[in-house]
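Quick note, the sequences are listed as chains A and Y, same order. Residue numbers 3 to 565, in our numbering, belong to the letters of the first sequence in order. Residue numbers 3 to 565, in our numbering, belong to the letters of the second sequence in order.
Protein chains: 2
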Amino acid sequence: MEKGDDRIKIVVIGGVACGPKAAAKARRCDADAEITIVEKGDFISYAGCGMPYYIAGAVKKIEGLMMTPSGAVRDVEFFKDVKGITVRTNTFAQSIDRKKREVVLVDMKSGQMEAMSYDKLVLATGSSAVVPPIEGVGMKNVFTLHNLNDAAAIFNYIVGSNAGRVVIVGGGLIGLEAADAMGAQGVDTTIIEMMPHLLPQILDLEMSDYLAAAMRKEGVNVLTSAKVLKIEGDSDGTARKVITDKGEVETDFVILAIGVRPNTELAAAAGLQIGETGAIYVNEYLQTSDPDIFAGGDCVECTHSISGRKAYIPLGSIANRHGRIIGTNVTGGRETFPGVIGTTVLKTMGMNVGRTGLSEAQARNAGYSTVACISPSVDRAHFFPGGRGILIKLVAEEGSGKLLGAQIIGQGDMSKRIDVVAAALAFGASVEDMAKLDLGYAPPYSTAMDCIAHSANIIRNKFDNTANSITAAEVRDKISRGERFTILDVRSPVEVEKNRVNDGRVKNIPLDKLRQMMNELPKDGEIVTLCQAGLRAYEAQVMLRGAGFSDVRFIDGGMALWE
Amino acid sequence: MEKGDDRIKIVVIGGVACGPKAAAKARRCDADAEITIVEKGDFISYAGCGMPYYIAGAVKKIEGLMMTPSGAVRDVEFFKDVKGITVRTNTFAQSIDRKKREVVLVDMKSGQMEAMSYDKLVLATGSSAVVPPIEGVGMKNVFTLHNLNDAAAIFNYIVGSNAGRVVIVGGGLIGLEAADAMGAQGVDTTIIEMMPHLLPQILDLEMSDYLAAAMRKEGVNVLTSAKVLKIEGDSDGTARKVITDKGEVETDFVILAIGVRPNTELAAAAGLQIGETGAIYVNEYLQTSDPDIFAGGDCVECTHSISGRKAYIPLGSIANRHGRIIGTNVTGGRETFPGVIGTTVLKTMGMNVGRTGLSEAQARNAGYSTVACISPSVDRAHFFPGGRGILIKLVAEEGSGKLLGAQIIGQGDMSKRIDVVAAALAFGASVEDMAKLDLGYAPPYSTAMDCIAHSANIIRNKFDNTANSITAAEVRDKISRGERFTILDVRSPVEVEKNRVNDGRVKNIPLDKLRQMMNELPKDGEIVTLCQAGLRAYEAQVMLRGAGFSDVRFIDGGMALWE
């Protein structure tokens, strides 16, 4: 597109995250362009990810989610005065005429229609909350949590009705953030998830079970593998009970957090290519199948940089990065989006939860042969006050040693380690690279060898055959099959006293007595070693194998996953 | 080295960080090796980096610095029982006979000498505190802070004497951590630094000045470009006054934190190569010039991965990583140490301070043509409660866009961003790579586009010539030269009211009025734009240049560095 004397006309459909970002960047790249944002709702350029914190009461005014860091409200006037961008709210984009380069708009208040011409069109149409086709979802106290109106409605309902109980349908990211908000509001929460575990797209089973246990401890009723059949209510349309195939749950209101689907109707009707995930296809420049029409945010699919597969990952962070690239490219730039690696973080019930790259299940699905480790860690020097735990799972490829992903859960600093792994994954790091990173060490921030490097070393030890592990789940299966083997618990007597493992197979020998007492163990028998965090059990395994014991493995993750 | 029936004999000189780590890893790699650690002091395997926190009172018992995470004290018995490693404390390694493969040991209590043979020798002789050759350094209340005895002495002195004032000589890492400990103990602190700014090896001038201002606000008396001439005291040898070329400071005690020098005497006397930095030379396998003698930790020099130059960077994190590699290699492995990128983090007076890679001054010294940005940021979504500020400086190479380093200072989460940059630097990342990382976003952890990616984008904008900046220091120089130009302050009236910039050159036009009011500005005159954090000033610069103003730059870092 040549820029002549005529001002280029850029029309952006969608005014929440990707759209305004694209428009603002386009303005910075081209002072003369005529830029219009079209938004069907009332609000523009708001922080959707902040909605749970508004409901929780942590963000005091809903306007807070629409403000710039310096306190200006990003409304129609702001875009006009500061950015020189026209915003049309309550305006619906009905269709695109690609030949004429026009988009047909409908004023949702007056009903008037209008054709607006464009040189470049940006589709940032976002996503919609999925509402399951079951009886009762239309009741007045059944909410979704997808836009500011939803957030306001939920907040007002809690405050107005003194609601004390909620059922959240869906144990994904939004469901868990909603649960956190409910906890902050003192509302008793039941989460119903159809899959066998929470966050099924994000965590492997054992990590998810660890999270569910922590949430239950905080009073959340977590039901998994449970299917909602219907919602029952009063004659006035107030939901009172959620009926599942596993029983009923009485409640004061319901939040549906099943997931979202991309808004592709406009694109599809215009004949633009829809990808295999059901979202709009875009190339690396974020162009749709029509090179003058760009798309980004929740309405498009991305390429997963690790698996190489298409993925639908609707996240605010991605929408913002898309917006910047689109703003550059609609004004003559040629910038690429490198794909996603699936980094996702959330906070729920005091637990920091994060994933980057592939989970082990996803990696195996993608054809990788995997080696993983689970390492309970403390987020700073153990002698430094205030340290908190995190449970780290790292996943790598057998053979190549390529790092594939990480999952971290705990009260401690998850966010740093997830972002470090995310950075390493962007460059195709191996576990050796990861272990050798020159990360910052001071006692308030980390251990001398940070726990994420330590985890990488555990996987390297597994590759070397120095470390031979068994998962807690495998040991439990062996026990339930009635197998004979020794569980060697090498914790100190004080630790054992506090939290004894009760099984006839258990033998307690503290690590510092093991060298002297190893003759009490069967040299050819099967031994699995156990300690609190896995490190001493690993040392015991090394010690016993060094002394000629033939069949010794340590329990990965220690007591953290044993219980 | 073939492993036959004979057990390999490994002797490790030095028992603090690298030495014990090397020994423990060697044991895990070789169950049969005969491993001895020789340490001249009383204590082994302690967390030297924790000493300031013991003095501060945050670590309650000094034994806490010698414990494993599970609470076992890492003493001679622990190494014997758990690791199968012999430790000889109070034993001095006097000389090495490389032909005989023997090291001569002196029992420091009995004075008895003994020759100990080795197959592989590990030098982990550490460093010593530099004591300047000035009058008064021998007085009884003049301390260094280098080992556990020093830490205990300082702590006991404060508690025992009710000392209320300290002079810390040296404004490097140890000096600033000591200042933090003094703050925690309620001791009034003066820091005397010979160079023009604090942390001269770590921070650029303007970042260091920002830190010094924050420390002064917390009551620390910071004297820079000041040389200590002598320490004066009572006739009983109690220091009372520190005399500098800039005046005298009365005090109750003195901490010398000038720096450390590598302990190379043993290596040098044995004819091992000493590197250009004055520390022991080692190759990538951490072998000295004698392939059977390895060395690591504070006594060796490293290669800086970015500059390619030799560097002496004595840090506990590096010592630990060295130890693991040496343990592998003395038992037949062949692992490499990839070099360092200079990641250093510390906490002082409530400020988190970090650096990774090269500072701008170091980069220019190393021959790079640099572009930098300074960006005041908040560590999480601005609407989320509890967010805290960090000031980020990123440095990149002009032309290639290669990332060279980062410096971050503030009360907010510095540590995450420094480690993310450290990870990216390990792979030779460009600022574009940095900007496009798939980092985790949720409001408690970051902004939708994390501040570190935002900083990378600012540099990209400078490369593109979209962003044209001037430093606060340059503007101050222009003012002091009496130059005529306009300072356009685009903050809101409320912000200006709170903190007005008083200069005749200043014109206040809030950003949202600038499009209407730009005709009040001189189209051909020089304009520098100013706001709180730099973002709006940048937008104003873009807006004015888009409107045909020819000479407009924004002040990098906004008010953060203006004051």
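Don't be surprised by glycine CBs; every beta carbon is placed ideally from N, CA and C. All of these numbers come straight from a predicted model, not from anything done at the bench.
- Distance from the CA of Ser130(Y) to the CA of Arg263(Y), rounded to the nearest whole angstrom, comes to 5 Å.
- The straight-line gap separating the alpha-carbon atoms of Gly344(Y) and Gly329(Y) is approximately 23 Å.
- Leu201(Y) places its beta carbon 9 Å or farther from that of Gly221(Y).
- Under the 8 Å Cβ criterion, the segment 83-95 of chain A does not count as touching the segment 550-560 of chain Y, having fewer than three qualifying pairs.
- Neighbours of Met69(Y) across chain A, judged by C-beta separation under 8 Å: His384, Phe385.
- Against Asn322(Y), the close residues of chain A are Ala450, Met451, in the order they occur along the chain (beta-carbon pairs closer than 7 Å).
- 9 Å or more divides the Cβ of Val161(A) from the Cβ of Ile233(A).
- By the rule that beta-carbons nearer than 9 Å mark a contact, Cys301(Y) does not touch chain A.
- Shown in chain order are the members of the segment 531-561 of chain Y whose Cβ falls below 8 Å from a Cβ of chain A: Cys533, Gln534, Ala535, Leu537, Arg538, Glu541, Val544, Met545, Arg547, Gly548, Ala549.
- Of the candidates Ala368(Y), Glu278(Y), Asp254(Y), Asp254(Y) places its Cα closest to the Cα of Val169(Y).
- If you draw a 10 Å sphere on the C-beta of Met519(Y), you find fewer than 16 other C-beta atoms in it, and that means exposed.
- For Pro524(Y), no pairing in a beta bridge is given by DSSP.
- With a contact defined as Cβ atoms closer than 8 Å, Val18(A) and Gly50(A) qualify at about 6 Å.
- Take Glu286(Y), set aside five residues on each side of it, and the residues of its chain with a beta-carbon closer than 7 Å to its own are Thr338, Phe339, in chain order.
- With a 10 Å radius around the Cβ and a threshold of 16 neighbouring Cβ atoms, Pro495(Y) comes out exposed.
- Residues of the segment 398-432 of chain Y with a C-beta atom less than 9 Å from some C-beta of chain A are Asp415, Met416, Ser417, Lys418, Arg419, Ile420, Asp421, Val422, Val423, Ala424, Ala425, Ala426, Leu427, Ala428, Phe429, Gly430, Ala431, listed in chain order.
- In the same chain as Val373(Y), and ignoring 5 residues on each side of it, the C-beta atoms closer than 7 Å to its own belong to Ala398, Glu400, Ile461, Lys464, Phe465, in chain order.
- Glu195(A) counts as buried, since no fewer than 16 other beta carbons sit within 10 angstroms of its beta carbon.
- Unbroken beta strand (DSSP E) stretches of 3 residues or longer found wholly inside the segment 83-151 of chain A: 88-90, 93-99, 104-109, 115-119, 122-125, 129-131, 144-146, given in chain order.
- Taking 9 Å as the cut-off, the Cβ atoms of Asp300(A) and Thr127(A) count as close.
- Closest in C-alpha terms to Met53(Y), from the list Gly73(Y), Leu147(Y), Pro22(Y), comes Leu147(Y).
- Taking CB atoms only, Ile343(A) has a neighbour in chain Y less than 9 Å away.
- Apart from sequence neighbours up to five positions away, the residues of its chain that approach Gln187(Y) with a beta-carbon distance below 6 Å are Ile160, ordered along the chain.
- Leu231(Y) is not a Cβ neighbour of Val144(Y), given a cutoff of 9 Å.
- Taking the Cα positions, Gly356(Y) is about 5 Å away from Ile410(Y).
- No Cβ of chain Y is located within less than 9 Å of the beta carbon of Gln289(A).
- Scanning the segment 375-431 of chain Y for uninterrupted beta strand (DSSP E) segments of 3 residues or longer gives 391-399, 405-412, listed from N- to C-terminal end.
- Remark: C-beta atoms of His199(Y) and Pro71(A) do not approach each other more closely than 9 Å.
- Sixteen is the threshold: when 16 or more other Cβ atoms of the shown chains lie within 10 Å of the Cβ of Met436(A), as they do, the residue is buried.
- Nearest CB-CB separation between Pro340(A) and chain Y: below the 9 Å threshold.
- At a C-beta separation below 7 Å, Lys500(Y) has no neighbours in chain A, since its nearest C-beta there lies roughly 12 Å away.
- For Lys11(A), the enclosing beta strand (DSSP E) covers residues 11-15.
- Taking 9 Å as the threshold, the shortest C-beta distance from Thr192(A) to chain Y does not fall below it.
- Residue contact with chain A for Tyr314(Y): absent (no Cβ-Cβ distance below 9 Å to any residue of chain A).
- Listed in chain order, the positions of the segment 358-387 of chain Y with a beta carbon within less than 8 Å of a beta carbon of chain A are Thr358, Val380, Ala383, His384, Phe385, Phe386, Pro387.
- Only residues of its own chain outside the window of five on either side were considered, and among them Lys312 have a CB closer than 7 Å to the CB of Glu278(Y), listed in chain order.
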